[in-house]
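If you count by the working numbering, then the sequence shown holds residues 833 to 1557, one letter each, in order.
What follows is a short report on a single structure.
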Amino acid sequence: MFLYETGAVLFGITFMIFTFSNNIKVVTFCRGLMFAGYDWLLILLMYYTQYYTGLFDEVRIIKEAMVIYGMFDTVLLFSNIWTGQMFSVEFITDAELHLRFTDSIFVKIHFIYNFAVVLLLLVSYIFMIMKSSKFYRIRYEVIFVSLFIAAVLDIIFFKSNSVYDISVVAFGLMSVFIYYFTLSYVPEELIENTLSLVIKDMNSGIICFDNRGKCIHCNDYIKKVFSLRDEYSELETGYHRWLEEIADKRENNIEYSAVKVVDGESKNYDVIYKRIFDDKNNFICDYFVFNDKTEDIKSIEIEKYKASHDNLTGLYNKEYFYSHVHEIVNKNSGIQYCILCSNIKDFKFINELFGLKKGDEVLVKVGEFFNKYLEDDSICARIENDRFALCMPKEKFNEKAIISRLNEFQKQFDNNAFKMHVFIGVYDIENLDEPVSIMCDKANIAGDTIKNDYHSYIAYYNNAMLENSIEERRIIGEFERALNNEEFVMYLQPQVDFKGIARGAEALVRWRHPVKGLLSPAVFVDVLEKAGLIYKIDKYMWEKAAAKLKEWKELGKEQYHISVNISTKDFYLVDVYETFVDIVERNGINPEKLKLEITETTIMDNFERNIKIIKRLQDYGFKIEIDDFGSGYSSLNMLKDISADILKIDMGFLNATENELKGQDILESIIFLAQKLGMEVITEGVETSQQLTMLIQMGCRMFQGYYFSRPVPEEEFEKKYNIRQ
């Protein structure tokens, strides 16, 4: 644009020199310069048109061809002062000039080029006039008219043979119009209509009232919010009512919130009210801006929900439960409340056996189970993992109803691979200022006491449980250190034949505590079982037993065996087959000498899988003992399904009836049936000579119990049976 205006100015100066000069050469040169100037003015106008309209952006060849021709034509016109090949200028009188064009092809091309470019430019501006919004059309119309007039004047000049080309004036005016309409001119109508369209399309609502309270404008957004058409009386009525409500509180700037129902949906708005004054502080109008904050509020509510609720079950989370239990119990201080905390025994096995999706399904169902007990004065939450908590009035707690429903609830998840056991601890709230986390801990302590009892569902907290819990946590806390320091030692209890000759022993663990001395397994085994650590102590004992058998083999005492225990959780947490195979191969011992004791309860826990593992172990050469027969399922029918090598009968179930014929018949039948099935029988728990005599008469040939020996340290066992002579 600047180049075009500069060219137009230079063009005008050249025209002035041409007009007032009497020198024929100067006049001829200026006339040639003016013709060349037409070329370059058109080139610059083409560049400007491209910039201003956006046309020809991709058609570079037009501009390039124009520049090449302009350079060529300029050279011809400048040389015309000497050659006269384009035109000549003659003085007819002192005041009159005559312009004469030659018949040269270059002259014809010059005029054809000029008119063709002008025609192309005119067509371009016609296109933009038709295409543009009416607000911008005037910009193109003024340039088009100027260019059209210049073209007409140029044609008149060409026909008249006059040397005075008044089209120069049109090109000069066009430069002024281009400058003004490109940089300076913005129509008032354009401003008003643009603002109106902007307000109309805003995502906010705008309402304006004049000094009489009449609505002078509202955009489409407001019309939708208030379900308006062309009548604004509802807005004006609401405006006057609002002014009456705020009365003396009216200020120049007010912000407040409002709720409106739009298309059946409740919407929340932040409303900004402002008053407008002129420069003399005269009131002009009021206006309101409505900003929809519905989505923002929903987002905040969602975040608040996420912060207070469990994503999976939809129940409250631990943090919300802890903070609101105090609020509920203090609000109802005259009512006795209790905390119920539930847990699912071995829940992680559900995830491992059936997948996380099934585990999540179980958690959702448990959440729904507890949610049924919710009332206005109760609160329920998922505390963590598979632990749920419920705070409710004690008078509404019906133990029998909960147990009945819980029993039915568990059945839907029971199968051969897993038996669900949901247990609940109950804590009566006595101290309202006690932290809720402590209340839940106490309820959980109570629940953990029945964790391994599938026939119990609810346990109540007492202070003794807290002491036991503290002791259990101490044991768990010291376990790893004790294991690493080999504080756990192996004791051996002899297994003796009917002649009194020891054939081997059962390995039993003891804890040689550095402070408390020797601890019996009754102190720590159940704790480790609940904590899921029993597999570590079991593996430790398997290694100890295998190492001892290796020693005895090297001493030539390979006739002795050692029996080790396999716990239920070992089958889940350890590859039992691979572990035992690795142990015997590393120690170079006969697998028959490392007998494997498995309780009937463990076998039945996942019968099909465990039977397959047992069969593989037997095929490798291990001897399998069914331990504690008579203390668990006690099914004689199971003996035909388990190809065990040894049956260990627990005397405990007959202790009270040893002289009764019926009890003896049962015991004798078990011994007979086992031997008939090819099983060796060991009776454990033998404590009297009468029991021994009775068992020998029944056909039992192997025994274990305090009658023969208590469990003793390895050294004492070896000394007693002359293993290290």
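Quick reminder that beta carbons are idealized off the backbone N, C-alpha and C, glycines included.
What you are looking at is a predicted structure, and each value in this text was computed from that prediction instead of being measured.
Notebook entry, point to check: According to the neighbour-count rule (16 or more other Cβ atoms, all chains shown, within 10 Å of its Cβ), is Ser1531 buried or exposed?
Noted result: The sequence shown places Gly at residue 1531, rather than the Ser named in the question. The Cβ neighbour count for Gly1531, taken over all protein chains shown within 10 Å, is under 16; the residue is labelled exposed.
Check: Which residue from Asp1414, Ser1399, Glu1410, Glu1424 puts its Cα closest to that of Asn1438?
Finding: Among Asp1414, Ser1399, Glu1410, Glu1424, the Cα nearest to that of Asn1438 is on Ser1399.
Margin query: Is the beta carbon of Lys1427 closer than 8 Å to that of Leu1381?
Written below: No, Cβ-Cβ distance for Leu1381 and Lys1427 is not below 8 Å.
Item checked: Asp1218 and Leu1195 closer than 8 Å at C-beta -> Yes, these two residues count as a Cβ contact at 8 Å.
Next item on the list: From the DSSP output, in three-state form, read off His1345 for me.
Entry: Residue state for His1345 is assigned as strand, using DSSP reduced to three classes.
Check: Since His1158 is in the alpha helix (DSSP H), which residue starts that stretch and which ends it?
Finding: Under the DSSP assignment, His1158 falls in the alpha helix (DSSP H) whose first and last residues are 1150-1163.
Checklist line | One or two residues paired with Gly1336 in a DSSP bridge | finding: Gly1336 is bridged to Gln1327, His1393.
Note to self: Whole angstroms are fine: how far does the CA of Leu1405 sit from the CA of Phe1179?
What the structure shows: Near 14 Å, if we compare the C-alpha coordinates of Leu1405 and Phe1179.
Margin query: Checking 8 Å against the spacing of the C-beta atoms, do Ser1541 and Pro1326 come in under that value?
Written below: Contact flag set, yes.
Margin query: By alpha-carbon positions, which one of Leu985, Ile988, Tyr1137, Phe1120 ends up nearest to Cys1047?
Written below: Nearest C-alpha to Cys1047: Phe1120.
Next item on the list: With DSSP as the reference, please indicate the residues paired to Lys1427 in a beta bridge.
Entry: Answer is Ser1395, bridged to Lys1427.
Item checked: Glu1432, buried or exposed, once every other Cβ within 10 Å from all chains shown has been counted against 16 -> Buried is the call here.
Notebook entry, point to check: Which of the three DSSP states, helix, strand or coil, is assigned to Phe960?
Noted result: First, the residue type needs correcting, since residue 960 is Met and not Phe in the sequence shown. Note: Met960 maps to helix in three-state DSSP.
Checklist line | Minimum C-alpha distance to Asn1300 - residue among Ile958, Ser1288, Gly1279 | finding: Nearest option by C-alpha distance: Gly1279.
Check: What is the DSSP secondary structure of Asn1100, reduced to helix, strand or coil?
Finding: Asn1100 falls in the strand class under three-state DSSP.
Check: Thinking just about the alpha-carbon of each residue, which of Asp1209, Ala1213, Asp1208, Phe1186 is nearest to the one in Gly1199?
Finding: Comparing C-alpha distances from Gly1199 to each of Asp1209, Ala1213, Asp1208, Phe1186 shows the shortest one belongs to Ala1213.
Check: Taking the alpha-carbon positions, what's the Leu953 to Ile1054 distance?
Finding: About 46 Å.
Check: Asp1265 to Lys1136, Cα distance in whole Å?
Finding: Spanning the two alpha carbons is a distance of roughly 26 Å.
Notebook entry, point to check: Exposed or buried, which one is Val1254 when buried takes at least 16 other CB atoms within 10 Å?
Noted result: Looking at its Cβ environment, which holds 16 or more other Cβ atoms inside 10 Å, Val1254 is buried.
Check: Straight-line CA distance for Gln1522 to His1345?
Finding: In a straight line, the C-alpha of Gln1522 is about 37 Å away from that of His1345.
Note to self: In this structure, how does DSSP classify Val949 when only helix, strand and coil are distinguished?
What the structure shows: In the structure shown, Val949 sits in a helix (DSSP, three-state: H, G or I).
Next item on the list: Assess, as a yes-or-no matter, whether the stretch 1134-1154 is touched by the stretch 1106-1122 under the definition of 3 or more beta carbon pairs within less than 8 Å.
Entry: No: fewer than three Cβ pairs fall under 8 Å.
Note to self: Considering only DSSP beta bridges, list what Glu1216 is partnered with.
What the structure shows: Paired residue(s): Arg1219.
Check: Residues in its own chain within less than 8 Å of Gly1420 by CB, not counting five upstream and five downstream?
Finding: Correct list, in chain order: Lys1382, Lys1385.
Checklist line | Opening and closing residue of the beta strand (DSSP E) in which Gln1536 lies | finding: Segment 1534-1536, the beta strand (DSSP E) holding Gln1536.
Check: Do Glu1500 and Asp1477 come within 8 Å of each other at the CB atom, strictly closer than that value?
Finding: Taking 8 Å as the Cβ cut-off, Asp1477 and Glu1500 do not qualify as a contacting pair.
Margin query: Short of 7 Å in beta carbon distance, which residues of its chain neighbour Met1373, apart from the five on each side in sequence? Order them along the chain.
Written below: Residues of the same chain with a CB within less than 7 Å of the CB of Met1373, apart from the 5 flanking positions on each side, are Met1322, Ala1339, Val1341, Val1396 in chain order.
Check: What's the call for Gln1536, buried or exposed, on a 16-neighbour Cβ count within 10 Å?
Finding: Classification of Gln1536: buried, given that the 10 Å Cβ count is 16 or more.
Next item on the list: Can you tell me which of the three DSSP states His942 falls into?
Entry: Correct three-state label for His942: helix.
Next item on the list: Using DSSP bridges, identify the partner residues of Lys1551.
Entry: Secondary-structure assignment with DSSP links Lys1551 through no beta bridge to anything.
Next item on the list: Measure the C-alpha to C-alpha separation of Glu1410 and Ile1446 and round it to an integer number of angstroms.
Entry: Ile1446 has its alpha-carbon roughly 12 Å from the corresponding atom of Glu1410.
Notebook entry, point to check: Can you name the residues that DSSP bridges to Asp1260?
Noted result: DSSP lists Cys1170 as partners of Asp1260.
Next item on the list: Out of Ala1506, Ser1098, Leu1147, Ile1282, state which residue places its alpha-carbon closest to the alpha-carbon of Glu1127.
Entry: It is Ser1098 whose Cα lies nearest to the Cα of Glu1127.
Item checked: For Ser1352, the three-state DSSP class (helix, strand or coil) -> Looking at Ser1352 - three-state DSSP - the assignment turns out to be coil, as it is neither helix nor strand.
Check: Got a sec? Which residues, its chain only, sit under 6 Å from Val1513 by beta carbon, not counting five neighbours each side?
Finding: These residues qualify, in order along the chain: Leu1479, Ile1503, Ala1506, Cys1532.
Next item on the list: Return yes when the Cβ of Val1408 is within less than 8 Å of the Cβ of Ala1378, no when it is not.
Entry: Ala1378 is not a Cβ neighbour of Val1408, given a cutoff of 8 Å.
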